[in-house]
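Below is one structure, written out as structure tokens; the observations come after it.
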Amino acid sequence: MKTKLLAATLSLAGLFAAQTLAAETCGGTYSVRSGDSLSVIADRLYKDAGTWSTIHSQNIDAIGPKPNAIRIGMKLRMPCLNGLPTGLPGGTEISASTAAATATPVRVTPGNAAVRQKINLLTGDDYAPFTSKSAHNGGLITDVMHAVMTQAAPQEGFAIHWVNDWGSHFDPLLSNALLDVGFPWYRPDCDSMPDSYRCVNFLFSESMFETLMLLFVDKNRPFTFEDDADIVGKTLCRPNGYLTFDLEGAGRNWLAENKITLKSPHTVKDCFDMVAKGEADAVAINEFTGRSVMKEHGLGDQFNVLPQPLSVLGIHAVVHKTHPRAKEMMGMVSKGLQDIRDDGSYQRIIEDHLSRIWADF
Numbered sequence: 199m200k201t202k203l204l205a206a207t208l209s210l211a212g213l214f215a216a217q218t219l220a221a222e223t224c225g226g227t228y229s230v231r232s233g234d235s236l237s238v239i240a241d242r243l244y245k246d247a248g249t250w251s252t253i254h255s256q257n258i259d260a261i262g263p264k265p266n267a268i269r270i271g272m273k274l275r276m277p278c279l280n281g282l283p284t285g286l287p288g289g290t291e292i293s294a295s296t297a298a299a300t301a302t303p304v305r306v307t308p309g310n311a312a313v314r315q316k317i318n319l320l321t322g323d324d325y326a327p328f329t330s331k332s333a334h335n336g337g338l339i340t341d342v343m344h345a346v347m348t349q350a351a352p353q354e355g356f357a358i359h360w361v362n363d364w365g366s367h368f369d370p371l372l373s374n375a376l377l378d379v380g381f382p383w384y385r386p387d388c389d390s391m392p393d394s395y396r397c398v399n400f401l402f403s404e405s406m407f408e409t410l411m412l413l414f415v416d417k418n419r420p421f422t423f424e425d426d427a428d429i430v431g432k433t434l435c436r437p438n439g440y441l442t443f444d445l446e447g448a449g450r451n452w453l454a455e456n457k458i459t460l461k462s463p464h465t466v467k468d469c470f471d472m473v474a475k476g477e478a479d480a481v482a483i484n485e486f487t488g489r490s491v492m493k494e495h496g497l498g499d500q501f502n503v504l505p506q507p508l509s510v511l512g513i514h515a516v517v518h519k520t521h522p523r524a525k526e527m528m529g530m531v532s533k534g535l536q537d538i539r540d541d542g543s544y545q546r547i548i549e550d551h552l553s554r555i556w557a558d559f
């Protein structure tokens, strides 16, 4: 009887072990094969060739700015998006991935006088998917910043304030230390543009997320963009008030030297209308905003997204250089960011938000 019991126990143990080994995973590492491109990989693994840009942005350090610069044998990190891809080495068990997606939501403390002794973070609304009160956990970057500060655990605590007048963030709110740390902001190429306002006045954290600035073109009037020479003489459209330093940095000087024409209407939709009418060659905007407008207005059959990014811009937290604790705070944010990268929570946040973003597209 003991022999039979032991055999049954070992059999059950083997069954459970086999089930553990066979547990389905999501995401992981993919080795580039002969004939691969990012769109081919995206179509195979995510059943959506359009997600090539997510593969690119999540592997920008390995691939670089040109998406066709992959090579056979290159190891690429595949984020888990809506349960795909499955079965890759290094993936997360589906149960764990699901648990992360249903984790306790971030609770953002409203800013008021009662929290003045805390470290006060500043952001604004209506900048989805990065910051938005109506978005999951306040948006992708709000979620990351909350995790960063929770990990940093400053003795005085922290609070996140929402000020929708973005024009007031740099001056007077941050320049006078009325609030301490601002997010989410792009960093100019300070090596080639050292005199730009942001470079002169602010310290930047390490990048919290890399976003691709893409070109959206009319399918009836496509053009090739492989390097900067292809842009010379073109008319690009980007709404009034949006950054333009990626058109000037890295020696481009496209605007200063009149190498291109820039149209700046009120809205992103206005830009798409201008391209449709032949008044501009391309909408130059971050991929999420561009894709969202295309979906909202049913433009998917009329426009293509060019695969070569116009630029790759990191999103940062900032502190004004005159803040009495500027270096300390930037050090705190950068260390907290590195810590959540090391323990895997950063990647879980990114994958959670990317899944939701792509589900909307």
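The sequence shown begins at 199 in my numbering and counts up one residue at a time.
Beta carbons are placed, not taken as given, at the ideal position from N, Cα and C, and that holds for glycine.
Being a predicted model, the structure only gives us computed values, none of them experimental.
Identify which residue in the options has its Cα closest to the Cα of residue i.
| i | options | result |
| --- | --- | --- |
| G322 | T340, K316, S553 | T340 |
| Q256 | I317, L372, L320, E408 | E408 |
| G336 | H359, N318, Q315, C469 | H359 |
| H344 | L243, N399, M406, L377 | M406 |
| L279 | F421, T223, D541, F423 | T223 |
| G449 | N399, Y440, P386, E494 | P386 |
| S462 | L445, P437, F470 | P437 |
| R554 | T249, H334, F470, A240 | H334 |
How far does the alpha helix (DSSP H) with residue i in it extend, from its first residue to its last?
| i | result |
| --- | --- |
| L279 | Looking at the DSSP string, L279 is not in any alpha helix (DSSP H), and its letter there is neither H nor E. |
| Y395 | 395-399 |
| M343 | 338-350 |
| D416 | Here D416 belongs to no alpha helix (DSSP H); instead the beta strand (DSSP E) covers 407-416. |
| T329 | It is not in any alpha helix (DSSP H) - T329 carries neither H nor E in the DSSP assignment. |
| H254 | 250-256 |
| Y228 | No alpha helix (DSSP H) holds Y228; the beta strand (DSSP E) holding it covers 226-229. |
| A524 | 524-540 |
| H495 | From DSSP, H495 is part of no alpha helix (DSSP H); its letter is neither H nor E. |
Beta strand (DSSP E) containing residue i: first to last residue?
| i | result |
| --- | --- |
| M317 | Correcting the residue identity first, residue 317 is Ile in this sequence and not Met. Counting along the chain, the beta strand (DSSP E) containing I317 begins and ends at 317-321. |
| V361 | Here V361 belongs to no beta strand (DSSP E), and DSSP marks it neither H nor E. |
| F381 | 379-384 |
| K461 | 459-461 |
| A480 | 480-484 |
| S390 | Run containing S390: none; DSSP gives neither H nor E here. |
My understanding is that residue i touches residue j, with C-beta atoms under 8 Å, so please give their C-beta distance in whole angstroms.
| i | j | result |
| --- | --- | --- |
| P327 | H551 | 6 Å |
| M391 | F423 | About 22 Å separates the two Cβ atoms, so there is no contact after all. |
| I574 | F356 | Shown here, the chain extends from 199 to 559; a query on residue 574 therefore has no answer. |
| L401 | A524 | 6 Å |
| Q349 | D537 | 5 Å |
Going by other Cβ atoms of all chains shown within 10 Å of its Cβ, with 16 needed for buried, is residue i buried or exposed?
| i | result |
| --- | --- |
| D558 | exposed |
| A427 | exposed |
| Y395 | exposed |
| E549 | buried |
| N456 | exposed |
| V481 | buried |
| S509 | buried |
| L204 | The pLDDT assigned to L204 is 41, lower than 50, so where the model puts this residue is not dependable, and the model offers no usable value. |
| G542 | exposed |
| K432 | buried |
| E494 | exposed |
- Item | the segment 470-481 / the segment 358-378 touching (three or more Cβ pairs under 8 Å) | no
- For the segment 277-289 against the segment 521-533, are there 3 or more C-beta pairs whose distance is under 8 Å? no
- Message: With three or more beta-carbon pairs closer than 8 Å as the criterion, would you say the segment 265-274 touches the segment 228-241?
- Response: yes
- Query: Would you call the segment 496-516 and the segment 400-416 in contact, with 3 or more CB pairs under 8 Å?
  - Reply: yes
- Item | Three CB pairs or more closer than 8 Å across the segment 510-519 and the segment 374-384 | yes
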